[in-house]
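Asker: Under the working numbering, the first residue of the sequence shown is numbered 130, with each subsequent residue one higher.
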Amino acid sequence: MIFFFKLLLSISFITLYAQNTDPIVQRAKDHLLTKSQKNIQLPDASDRWQYFISKTRDDICNMHTIDHVIKTAQLGTGFEHRGNADPAHLLSFENFLIHEFPHFAKDIPLISETPVSYPGSLYLLNGRYVSNMLYYHMRYVLQCLTYTKPKNICEIGGGYGGAARIWMKNPIHNPNIYVMIDFPEMLFLAEVFLKASLSDVDILHISDIENIQFDKISNKTIILCPIESLSLLDNQPIDLVINTGSLQEMTEEYCSFWMNWLDNSQAKYFYSLNYFAMPINYFGEGANIYSPNLSNQWIMLHKKADPLNIFYQTRHWADIFAKRSLDKINTNDLRAQYDSLLKSPLNYQTFLDLMDIIRLTQDQEMIWNLISYIMTKNPNMRDLSKEALISCILNSAEINYIPKETYYLIELLKKIGDKAFLSDKHEMLEVYEKELRYLMENNFLKNNLF
Numbered sequence: 130m131i132f133f134f135k136l137l138l139s140i141s142f143i144t145l146y147a148q149n150t151d152p153i154v155q156r157a158k159d160h161l162l163t164k165s166q167k168n169i170q171l172p173d174a175s176d177r178w179q180y181f182i183s184k185t186r187d188d189i190c191n192m193h194t195i196d197h198v199i200k201t202a203q204l205g206t207g208f209e210h211r212g213n214a215d216p217a218h219l220l221s222f223e224n225f226l227i228h229e230f231p232h233f234a235k236d237i238p239l240i241s242e243t244p245v246s247y248p249g250s251l252y253l254l255n256g257r258y259v260s261n262m263l264y265y266h267m268r269y270v271l272q273c274l275t276y277t278k279p280k281n282i283c284e285i286g287g288g289y290g291g292a293a294r295i296w297m298k299n300p301i302h303n304p305n306i307y308v309m310i311d312f313p314e315m316l317f318l319a320e321v322f323l324k325a326s327l328s329d330v331d332i333l334h335i336s337d338i339e340n341i342q343f344d345k346i347s348n349k350t351i352i353l354c355p356i357e358s359l360s361l362l363d364n365q366p367i368d369l370v371i372n373t374g375s376l377q378e379m380t381e382e383y384c385s386f387w388m389n390w391l392d393n394s395q396a397k398y399f400y401s402l403n404y405f406a407m408p409i410n411y412f413g414e415g416a417n418i419y420s421p422n423l424s425n426q427w428i429m430l431h432k433k434a435d436p437l438n439i440f441y442q443t444r445h446w447a448d449i450f451a452k453r454s455l456d457k458i459n460t461n462d463l464r465a466q467y468d469s470l471l472k473s474p475l476n477y478q479t480f481l482d483l484m485d486i487i488r489l490t491q492d493q494e495m496i497w498n499l500i501s502y503i504m505t506k507n508p509n510m511r512d513l514s515k516e517a518l519i520s521c522i523l524n525s526a527e528i529n530y531i532p533k534e535t536y537y538l539i540e541l542l543k544k545i546g547d548k549a550f551l552s553d554k555h556e557m558l559e560v561y562e563k564e565l566r567y568l569m570e571n572n573f574l575k576n577n578l579f
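Put into structure tokens, the structure is as follows:
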């Protein structure tokens with residue numbers, strides 16, 4: 130068995146170092162095989178991401194050209210929903226952004242796709258290349274730039290580097306340092322894409338940097354950091370941490386890992402665009418019940434359910450921008466807001482606002498009242514077919530099902546509720562929890578990685 134395992138490793142090694150491999154691709158393969166000098170203990174990835182990591186590593190063995198790597202990154206992984214160029218849709222995407230960010234109206238037409246991206250997705254609009262993914266990435270760059278002009282950025286799960294390129298090329302503001310933290314296989318794709326598309330930016334693997342110190346890096350630099358090397362970033366000044374489209378696909382353990390890391394970092398701001406309020410029996414690609422679950426160190430400067438240009442989705446999203454703050458929380462004001470919101474129809478924005486108030490107050494009465502409201506409003510979830518549930522997700526302004534965050538609320542109440550309060554609510558709490566467990570265990574997508 131040991132001999133067979135060594136043989137497999139040898140075959141993989143030989144395949145990685147095949148002849149006629151582009152030097153940029155070969156250097157990225159060298160970094161893929163580099164082991165961190167300072168590994169940390171990591172949680173297990175979700176089944177979905179374990180599948181993509183394994184598949185990508187297998188595919189890398191047969192990648193020898195830049196075009197092959199970029200096509201795989203943009204079309205053959207779980208990173209994005211890049212589509213063929215559709216002029217009418219692309220023009221509407223641009224107009225949506227100008228409408229949402231009028232203060233950047235003159236800058237938006239100057240931000241372009243790179244010609245090294247997959248050709249079938251590119252369209253020449255007003256003299257520059259665009260794609261659906263350009264507008265998706267551009268939107269959250271603009272959202273962040275509305276609130277801060279960061280010098281140093283860390284992106285958790287940066288994929289192949291589509292957003293990192295826009296950060297470094299947009300005409301509004303460019304950071305000096307952009308750190309992409311991801312699995313080594315994903316950083317391989319990012320290294321090739323970014324070196325092919327950014328000639329005026331240093332692209333460095335963290336293993337090539339001795340005694341890393343952000344303040345001593347003068348050139349615009351993107352640093353590729355495998356997750357297991359995360360501790361090498363300890364005590365470095367970070368202005369902004371970003372995560373989009375992946376926290377909800379992580380396990381509970383991984384979400385807690387990142388939230389703890391965020392609290393212990395020197396980050397001033399945090400931006401997230403992730404799934405939110407999905408049905409408890411239809412997670413989509415989700416793997417946890419609530420994220421990002423920020424601590425009360427953070428206050429929301431912006432929180433929006435389903436921002437305008439998150440197009441053609443069978444999921445709902447929460448778009449948030451938060452600032453680290455040590456200011457005392459005014460619970461009286463929050464309670465007044467809560468009472469007003471709970472009298473309103475439970476749409477996605479109302480639910481997002483209520484969840485944020487509960488995050489800050491940790492008030493047992495508030496938690497219980499929201500649980501009760503959701504459970505009594507949606508008593509017949511077992512009777513909904515998959516088709517009817519999808520129709521609710523797509524077509525209703527209100528939440529006409531039990532969102533998975535409800536189970537988080539029950540877990541939170543059991544954790545922070547006082548003994549007398551929990552004893553009084555025990556019977557109904559047990560009924561609610563049993564029903565939610567049944568719905569989760571009979572998830573329509575229980576065995577679906579995609």
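Each residue gets a CB set at the ideal place from its N, CA and C atoms; glycine is no exception. All values derive from a computational prediction rather than experimental measurement.
1. Does the beta carbon of S420 come closer than 7 Å to any beta carbon on chain D?
2. Can you tell me whether DSSP reads I143 as helix, strand or coil?
3. Out of curiosity, what's the CA-to-CA distance linking L254 and L437?
4. Can you look up C521 in the DSSP assignment and give me helix, strand or coil?
5. Can you list, in chain order, the stretches of the alpha helix (DSSP H) that have 4 or more residues and sit fully within the segment 345–398?
6. Determine the contact status of V330 and K345, defining contact as a CB-CB distance below 7 Å.
7. Would you mind sorting D311 into buried or exposed? The rule is 16 or more other CB atoms within 10 Å of its CB.
8. Closest to E570 by CA distance: which of Q342, A174 and R511 is it?
9. With a CB to CB cut of under 6 Å and the five nearest residues on each side skipped, what residues in its chain are close to P532?
10. Looking only at C-alpha atoms, which of N507, L483 and K506 sits nearest to L538?
11. Could you check whether the segment 499–511 touches the segment 453–462, counting it as contact only if at least three pairs of C-beta atoms, one from each stretch, sit closer than 8 Å?
12. Looking at C-alpha atoms only, which residue of S183, A293, S328 and I195 is the closest neighbour of D151?
13. Going by alpha carbons, who is nearest to C190 out of R211, S328 and N149?
14. Kindly indicate which three-state DSSP category H302 falls into: helix, strand or coil?
15. Go ahead and pull the three-state DSSP assignment for V245.
16. Which residue's Cα is closest to the Cα of R488: P474, Y502 and R464?
17. Classify G287: buried if its beta carbon has 16 or more other beta carbons within 10 angstroms, exposed otherwise.
18. Closest by CA to Q155, which one among M192, S473, N393 and F343?
19. Among E242, A396, P279 and E314, which one has its Cα closest to the Cα of Y180?
20. From what residue to what residue does the alpha helix (DSSP H) around K110 run?
21. Thinking C-beta only, is I367 closer than 7 Å to S394?
22. Give the straight-line distance between the Cα atoms of K544 and R257, rounded to the nearest whole angstrom.
23. Note down the Cα distance separating W296 from I306, rounded to an integer number of angstroms.
24. Would P172 and Y383 qualify as a contact pair, given that the criterion is a beta-carbon distance under 7 Å?
25. Beta-carbon separation of I351 and L323 under 7 Å?
26. Contact between the segment 216–236 and the segment 257–275: three or more CB pairs below 8 Å?
27. For the alpha helix (DSSP H) containing Y264, list its first residue and its last residue.
28. Please return the same chain residues whose Cβ sits closer than 6 Å to the Cβ of I371, not counting the five positions on each side in sequence.
29. So what's R257 in DSSP terms, helix, strand or just coil?
30. What do you get for A202, buried or exposed, if any count of 16 or more other CB atoms within 10 angstroms of its CB means buried?
31. Name the DSSP beta bridge partners of D331, please?
32. Under the assumption that L568 contacts I428 (Cβ atoms under 8 Å), give the Cβ distance between them as a whole number of angstroms.
Answerer: For this structure:
1. Here chain D cannot be found, since the structure has a single protein chain.
2. In the sequence shown, residue 143 corresponds to position 14, counting from 1. In this prediction, I143 scores a pLDDT of 47, lower than 50, which makes its location untrustworthy; the coordinate-derived value is nonetheless stated afterwards. Residue state, collapsed to three classes: helix.
3. Translated into the one-based positions of the sequence shown, residue 254 becomes position 125. Translated into the one-based positions of the sequence shown, residue 437 becomes position 308. Each residue's alpha carbon lies about 21 Å from the other.
4. Here residue 521 refers to the residue found at position 392 of the sequence shown. Here C521 carries a helix assignment [DSSP, helix/strand/coil].
5. 381–393
6. Numbered from 1 along the sequence shown, position 201 holds the residue referred to as residue 330. Numbered from 1 along the sequence shown, position 216 holds the residue referred to as residue 345. Result no, Cβ atoms of V330 and K345 do not sit closer than 7 Å.
7. Here residue 311 corresponds to residue number 182 of the sequence shown, with the count starting at 1. Classification for D311: buried.
8. Here residue 570 corresponds to residue number 441 of the sequence shown, with the count starting at 1. Nearest option by C-alpha distance: R511.
9. Numbered from its first residue, the sequence shown carries residue 532 at position 403. Counting only Cβ-Cβ distances below 6 Å, and skipping sequence neighbours, we find A406.
10. Against the sequence shown, residue 538 aligns to sequence position 409. Closest option to L538, Cα to Cα, is L483.
11. no
12. As a first step, residue 151 must be located in the sequence shown, where it is residue number 22. For the set S183, A293, S328 and I195, the Cα lying nearest the Cα of D151 is the one of I195.
13. Taking the sequence shown and counting its residues from 1, the one referred to as residue 190 is at position 61. Among R211, S328 and N149, the Cα nearest to that of C190 belongs to N149.
14. For the purposes of this step, residue 302 is taken as the residue at position 173 of the sequence shown. DSSP places H302 outside both helix and strand once states are collapsed to three, so it counts as coil.
15. The residue you call residue 245 lines up with position 116 of the sequence shown. Coil at V245, not helix or strand.
16. The sequence position of residue 488 within the sequence shown is 359, counting from 1. If we check each option's Cα against that of R488, R464 comes out closest.
17. In the sequence shown, the residue the question calls residue 287 occupies position 158. Classification for G287: buried.
18. Walking along the sequence shown from the start, residue 155 turns up at place 26. Per the Cα distances, M192.
19. Walking along the sequence shown from the start, residue 180 turns up at place 51. Checked all of E242, A396, P279 and E314; the closest Cα to Y180 is E314.
20. Within the shown structure, residues of the chain are numbered from 130 to 579, placing residue 110 beyond reach of any answer.
21. Taking the sequence shown and counting its residues from 1, one reaches residue 394 at position 265. Taking the sequence shown and counting its residues from 1, one reaches residue 367 at position 238. Yes, these two residues count as a Cβ contact at 7 Å.
22. By 1-based counting over the sequence shown, the position of residue 544 is 415. By 1-based counting over the sequence shown, the position of residue 257 is 128. Between K544 and R257, the C-alpha separation is close to 54 Å.
23. As a working note, residue 296 is residue 167 in the sequence shown. As a working note, residue 306 is residue 177 in the sequence shown. In a straight line, the C-alpha of W296 is about 10 Å away from that of I306.
24. Against the sequence shown, residue 172 aligns to sequence position 43. Against the sequence shown, residue 383 aligns to sequence position 254. The answer is yes: Cβ separation under 7 Å.
25. Within the sequence shown, numbered from 1, the residue matching residue 351 stands at position 222. Within the sequence shown, numbered from 1, the residue matching residue 323 stands at position 194. Their beta carbons are under 7 Å apart, which means I351 touches L323 by this criterion.
26. yes
27. Taking the first residue of the sequence shown as position 1, residue 264 is located at position 135. N261 to Y276 is the span of the alpha helix (DSSP H), which, as asked, contains Y264.
28. In the sequence shown, residue 371 corresponds to position 242, counting from 1. The answer, listed in chain order, is E284 and Y400.
29. Residue 257 sits at position 128 when you count from the first residue of the sequence shown. Correct three-state label for R257: strand.
30. Along the sequence shown, read from residue 1 onward, the residue named residue 202 stands at position 73. A residue is called buried when at least 16 other Cβ atoms come within 10 angstroms of its Cβ; A202 meets this threshold and is buried.
31. In the sequence shown, counting from the first residue as 1, residue 331 sits at position 202. D331 pairs with T350.
32. Within the sequence shown, numbered from 1, the residue matching residue 568 stands at position 439. Within the sequence shown, numbered from 1, the residue matching residue 428 stands at position 299. That belief does not hold up - the Cβ atoms of L568 and I428 are roughly 33 Å apart, past 8 Å.
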